[in-house]
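Following my numbering, the numbering of the sequence shown begins with 22 at its first residue and continues without gaps.
Built from N, CA and C at the ideal position, the CB exists for glycine as well.
To keep things clear, I will list the structure first and then write my remarks on it.
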Amino acid sequence: MRSRKKVDALLYLVLILIVFVVGLETAEHRTRKETVEQRAKKEKKASLIKKFLRRHKKTEGAVKLVDGLTDNEGNVEIFHLGQWGNVCDDEWDDREANVVCRQLGFEKAIKTTHSSHFGKAKKKFWMDNLYCSGEEVSLDKCRFDGWGSSDCSDSEAAGVVCFRSEVMEMTKTPVKNKTRKFKKIEEIYKGKMQVRVSGGRNSNEGRVEVRVGNESWGLICGDGWSILEASVVCRQLGLGHAGGAIQTDFFGGDKRSMVM
Numbered sequence: 022m023r024s025r026k027k028v029d030a031l032l033y034l035v036l037i038l039i040v041f042v043v044g045l046e047t048a049e050h051r052t053r054k055e056t057v058e059q060r061a062k063k064e065k066k067a068s069l070i071k072k073f074l075r076r077h078k079k080t081e082g083a084v085k086l087v088d089g090l091t092d093n094e095g096n097v098e099i100f101h102l103g104q105w106g107n108v109c110d111d112e113w114d115d116r117e118a119n120v121v122c123r124q125l126g127f128e129k130a131i132k133t134t135h136s137s138h139f140g141k142a143k144k145k146f147w148m149d150n151l152y153c154s155g156e157e158v159s160l161d162k163c164r165f166d167g168w169g170s171s172d173c174s175d176s177e178a179a180g181v182v183c184f185r186s187e188v189m190e191m192t193k194t195p196v197k198n199k200t201r202k203f204k205k206i207e208e209i210y211k212g213k214m215q216v217r218v219s220g221g222r223n224s225n226e227g228r229v230e231v232r233v234g235n236e237s238w239g240l241i242c243g244d245g246w247s248i249l250e251a252s253v254v255c256r257q258l259g260l261g262h263a264g265g266a267i268q269t270d271f272f273g274g275d276k277r278s279m280v281m
């Protein structure tokens with residue numbers, strides 16, 4: 022009887038040891054699993070933070086042009102605290118526009134735009150009442166009211182058209198027929214000369230085309246073209262004074278012949 026009790030006690034002790042070992046292994050496995058998961062979460066979080074910091078460091082103060090037809094025109098947006106935002110057109114002029122164009126790798130600005138010329142602002146305004154000397158290396162080095170301090174509406178986005186040298190080189194397209202004679206002034210005067218602008222985004226900009234009588238539309242050579250001639254064209258079209266004169270094929274040279 023005493024011997025049986027010893028055996029039962031021994032078995033009970035063994036059972037307790039087995040339960041203890043199994044419980045210990047389970048706890049160790051759970052701890053190891055939690056540790057792996059925690060480590061993975063920490064590594065993922067650290068990776069995201071590093072990625073954000075690299076992105077933030079790389080683009081803080083960067084600018085871009087949006088909603089234009091080409092990459093050298095559009096409303097101006099600036100990057101701050103991980104988000105793109107618009108620039109208000111209050112106090113916006115050639116000096117600020119030139120800073121933006123140079124920051125983007127262009128030589129200079131050829132036109133500043135106001136009143137959301139390229140479409141209404143789609144983001145919050147980061148900058149308002151900008152003042153640049155024109156020599157700053159980036160727009161965020163200029164004076165302004167402070168990040169996000171603006172009372173502008175979505176119809177007050179500032180924009181710019183930058184000078185793109187590879188496109189805006191002076192064109193001297195040779196006339197195929199070198200012996201072609203241009204019409205004399207008196208011939209143009211006697212005929213009814215029509216004028217129009219083509220190739221622009223709207224009816225008040227583009228390359229100048231002329232037609233005398235029932236002949237085909239032709240182009241005007243850019244040599245000697247200035248704000249004076251441009252203003253004559255604008256007044257003839259009922260558009261008032263010209264805002265600028267371009268001597269290049271900025272609006273496309275088309276395939277028409279030079280007639281003037």
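### DSSP-derived helix/strand/coil call for Thr56
The count along the sequence shown starts at 1 and reaches residue 56 at position 35. Helix.
### Query
Who are the Cβ neighbours of Cys122 in its own chain at under 6 Å, not counting the five residues just before and after it?
In the sequence shown, residue 122 corresponds to position 101, counting from 1. Lys129, Ala130 and Cys183.
### Query
Of the residues Gly180, Val218 and Ser159, which one's Cα is nearest the Cα of Ser136?
By one-based count along the sequence shown, residue 136 stands at place 115. The shortest CA-to-CA distance from Ser136 to any of Gly180, Val218 and Ser159 is the one to Gly180.
### Message
Quick check on the DSSP output: the alpha helix (DSSP H) that includes Ala251 runs from which residue to which?
### Response
As a working mapping, residue 251 is identified with position 230 in the sequence shown. Here the alpha helix (DSSP H) through Ala251 covers Ile248 to Gln257.
### Task
Can you say whether Arg99 is buried or exposed, counting buried as having 16 or more other CB atoms within 10 angstroms of its CB?
Sequence index remark: in the sequence shown, residue 99 carries index 78 (1-based). With the sequence shown as reference, residue 99 is identified as Ile, and Arg is not the correct amino acid for it. Buried, by the Cβ-count rule.
### Query
Secondary structure at Ser263, three-state DSSP: helix, strand or coil?
Indexing the sequence shown from 1 puts residue 263 at position 242. Position check: residue 263 holds Ala in this sequence, whereas Ser was assumed. Here Ala263 sits in coil by DSSP.
#### Entry: Sequence-distant residues of its chain with Cβ nearer than 6 Å to Gly140 (five each side left out)
Here residue 140 refers to the residue found at position 119 when the sequence shown is read from its first residue. Cβ neighbours of Gly140 beyond the five flanking positions: Asp88.
### Message
Tell me the rounded alpha-carbon separation between Thr269 and Gly82.
### Response
Stepping through the sequence shown from its first residue, residue 269 is reached at position 248. Stepping through the sequence shown from its first residue, residue 82 is reached at position 61. Straight-line Cα distance between these residues: approximately 32 Å.
### Query
Can you name the residues that DSSP bridges to Gln104?
If you number the sequence shown from 1, residue 104 lands on position 83. In the DSSP output, where bridge partners are listed per residue, Gln104 has His101.
### Query
Got a sec? Which residues, its chain only, sit under 8 Å from Asp166 by beta carbon, not counting five neighbours each side?
Within the sequence shown, numbered from 1, the residue matching residue 166 stands at position 145. The residues are Met148, Asp149 and Asn150.
### Query
Helix or strand or just coil, what does DSSP make of Ser219?
Working through the sequence shown from its first residue, we reach residue 219 at position 198. Note: Ser219 maps to strand in three-state DSSP.
### Task
Flag this pair as yes or no: are the beta carbons of Gly220 and Arg232 separated by less than 8 Å?
Sequence index remark: in the sequence shown, residue 220 carries index 199 (1-based). Sequence index remark: in the sequence shown, residue 232 carries index 211 (1-based). No, these two residues do not count as a Cβ contact at 8 Å.
### Query
Is there contact between the segment 104–116 and the segment 236–253, where contact requires at least three CB pairs shorter than 8 Å?
Result no; under three Cβ-Cβ pairs closer than 8 Å.
### Query
How is the alpha helix (DSSP H) around Cys122 delimited, first residue to last?
By one-based count along the sequence shown, residue 122 stands at place 101. Counting along the chain, the alpha helix (DSSP H) containing Cys122 begins and ends at Asp115 to Gln124.
### Query
How is the beta strand (DSSP E) around Phe146 delimited, first residue to last?
Taking the sequence shown and counting its residues from 1, the one referred to as residue 146 is at position 125. Looking at the DSSP string, the run of the beta strand (DSSP E) that includes Phe146 is Phe146 to Met148.
### Task
Measure how close the beta-carbons of Cys173 and Cys163 come, nearest whole angstrom, since I'm counting them as under 8 Å.
The sequence position of residue 173 within the sequence shown is 152, counting from 1. The sequence position of residue 163 within the sequence shown is 142, counting from 1. About 16 Å separates the two Cβ atoms, so there is no contact after all.
### Message
Closest to Thr91 by C-alpha separation, out of Ile37, Asp244, Ile267 and Arg222, would be which residue?
### Response
Here the question's residue 91 lines up with position 70 in the sequence shown. For the residues Ile37, Asp244, Ile267 and Arg222, the minimum Cα distance to Thr91 belongs to Arg222.
#### Entry: Spatial distance of Glu157 from Gln124 (CA atoms)
What you label residue 157 is simply residue 136 of the sequence shown in a count that begins at 1. What you label residue 124 is simply residue 103 of the sequence shown in a count that begins at 1. If you draw a straight line from the Cα of Glu157 to the Cα of Gln124, it comes to about 9 Å.
### Message
Just to confirm before moving on: does the CB-CB distance between Gly106 and Phe146 stay below 8 Å?
### Response
As a working note, residue 106 is residue 85 in the sequence shown. As a working note, residue 146 is residue 125 in the sequence shown. A contact, by the Cβ cut-off of 8 Å.
### Query
Nearest-angstrom Cα distance between Leu260 and Leu69?
For the purposes of this step, residue 260 is taken as residue 239 along the sequence shown, with counting starting at 1. For the purposes of this step, residue 69 is taken as residue 48 along the sequence shown, with counting starting at 1. Approximately 54 Å between the Cα atoms of the pair.
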